[in-house]
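First up is the structure itself, then whatever we jot down about it.
Numbering (the numbering used here), first residue to last: 79 to 433.
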C-alpha cells in the first residue's frame with residue numbers, strides 16, 4: 079500500500095474525523111484515534127513515521143498519547159483494524175508505549191521535535207512531575223510563581239520542600255496568602271492532564287527565566303509542613319486568618335502543629351528542665367511582648383529569685399529588636415515541637431492517657 083493511500087485511508091475511512099456536529103460524542107472520537115494509533119503500531123515505526131508527516135497537528139496531538147498507552151494489539155483486533163483500513167496483514171502482537179511513540183516521531187520529525195511532542199502529549203514521560211524543582215532555590219521558585227494564579231501556586235508549592243514553599247509564601251501579600259492557604263488545605267486530587275500541563279508550563283517557564291507521585295495531593299499535610307517552617311508569629315497569624323473563615327480547618331492544622339498556645343499546655347517538669355538550660359537574657363527575650371498567660375507559664379517554672387532577674391533583664395534590654403525576639407521565640411518553640419513530635423514532651427491537651 080502506497081504512503082499516499084495510507085494517508086488517504088486514515089483521513090477518509092471514518093477512523094479519523096473532525097466532526098462538524100459539535101454534539102458528536104467525545105468518547106467515539108477518542109476511540110477512533112485509538113484505532114488509528116493501533117494501526118500505526120501494527121504498521122511499524124518506518125511506515126507510521128511516513129504517515130504522521132501528512133496528518134494535521136491536531137490529529138497528531140490526539141494520536142501520540144494513544145500510541146504511548148498501547149501495550150499490545152491482539153491478533154483478532156489487528157485483523158479487524160486492518161480490515162477497516164481496507165488492508166491485509168499478517169496477524170502479530172506489537173508493542174506500543176512511550177518509546178515506540180518517540181521512535182515513530184523521531185523518524186517523522188527528528189529527535190528535537192519528537193521530544194517536544196512527547197512532552198506535550200504524554201503525561202510524565204520523563205519521570206515524576208515537578209522533579210526539576212529540586213534543583214532550584216527559594217528565590218528562583220518565587221520568580222517562577224510570583225505572576226501565577228492561586229491554583230498554579232497551590233499545586234506547585236504542594237510539590238516542593240516545605241522550607242522552600244514557606245519562603246515563597248512569606249513574599250506574598252496577606253490576601254494572596256489567605257487565598258493560597260485555603261486552596262492548599264482543600265486540595266485532595268488533581269486531574270492528571272492538569273498536572274501534566276502545569277508541569278510542562280512551569281518547566282518551560284523555568285528554562286526561559288534561565289533559572290538554573292501520583293495525582294493525589296495532600297494539601298493539608300503539605301500546608302502543615304510549610305507552616306512548621308515559618309516564623310511562629312507568621313504561623314499564628316495565618317492560623318488566625320484561616321480560623322476566621324474555616325474554624326474546622328484551623329483546628330485540623332493545629333492538630334498537626336505545635337504553636338505558642340501549646341506551650342501553655344506543656345508539662346511543667348519538661349519546661350523547668352528546658353528553662354534551666356537557657357540564659358536569663360534569652361528568657362527575657364522569650365517573654366517580651368507575649369500575652370500574660372504565656373509570661374506566667376514561663377515565669378512560674380523558674381524560681382522566684384530567677385524570675386525577678388529575668389524581669390529586670392527584660393527592662394534593661396528594652397526596646398528590643400523584633401527580629402531578636404522572634405529568633406529566640408522560634409528556636410524555643412521549634413525545640414519544644416521536636417520534643418513533642420518525638421514523644422518527649424507531654425501536652426495536657428493530648429487525648430492520650432498517661433499512667
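Beta carbons are placed, not taken as given, at the ideal position from N, Cα and C, and that holds for glycine.
Assigned secondary structure, residue i (DSSP; H/G/I helix, E/B strand, else coil)
i, result
"residue 258", "helix"
"residue 419", "helix"
"residue 236", "coil"
"residue 208", "coil"
"residue 241", "helix"
"residue 413", "helix"
"residue 128", "helix"
"residue 133", "coil"
"residue 336", "coil"
"residue 251", "coil"
"residue 246", "helix"
"residue 325", "helix"
"residue 226", "coil"
"residue 308", "coil"
"residue 399", "coil"
"residue 299", "helix"
"residue 119", "helix"
"residue 150", "coil"
"residue 215", "coil"
"residue 331", "helix"
"residue 278", "helix"
"residue 287", "coil"
"residue 167", "Note that residue 167 scores 37 on pLDDT, short of 50, meaning its location in the model is unreliable and no value can be drawn from it."
"residue 201", "Here the model assigns residue 201 a pLDDT of 49, short of 50, so the residue's position is not dependable and the matter cannot be decided."
Bridge-paired residues (DSSP) for residue i
i, result
"residue 344", "425"
"residue 315", "The partner list for residue 315 (beta bridge, DSSP) is empty, contrary to what the question assumes."
C-beta atoms of residue i and residue j nearer than 8 angstroms
i, j, result
"residue 302", "residue 335", "yes"
"residue 39", "residue 273", "A question about residue 39 goes unanswered here, because the residues of the chain that appear run from 79 up to 433."
"residue 111", "residue 159", "no"
"residue 210", "residue 284", "yes"
"residue 129", "residue 120", "no"
"residue 353", "residue 319", "no"
"residue 423", "residue 345", "yes"
"residue 316", "residue 255", "yes"
"residue 234", "residue 265", "no"
"residue 309", "residue 404", "yes"
"residue 252", "residue 220", "no"
"residue 137", "residue 115", "no"
"residue 349", "residue 379", "yes"
"residue 244", "residue 307", "yes"
"residue 323", "residue 260", "yes"
"residue 398", "residue 372", "no"
"residue 189", "residue 223", "no"
Min CB distance residue i to chain C below 8 angstroms
i, result
"residue 422", "Here chain C cannot be found, since the structure has a single protein chain."
Length at least 4, wholly inside the region 344–397: the alpha helix (DSSP H) runs in chain order: 346–354, 358–365, 370–377 and 382–395
Validate contact between the region 380–399 and the region 354–368 using beta carbons, cut 8 angstroms, 3 pairs: By the Cβ criterion, the region 380–399 is in contact with the region 354–368, since at least three pairs of Cβ atoms, one from each stretch, lie closer than 8 angstroms.
contact_flag[the region 261–275, the region 210–223] where n(CB pairs < 8 angstroms) is 3 or more: no
Cβ contact check for the region 339–354 and the region 404–415: 3 or more pairs under 8 angstroms: By the Cβ rule, the region 339–354 counts as touching the region 404–415, because three or more pairs are nearer than 8 angstroms.
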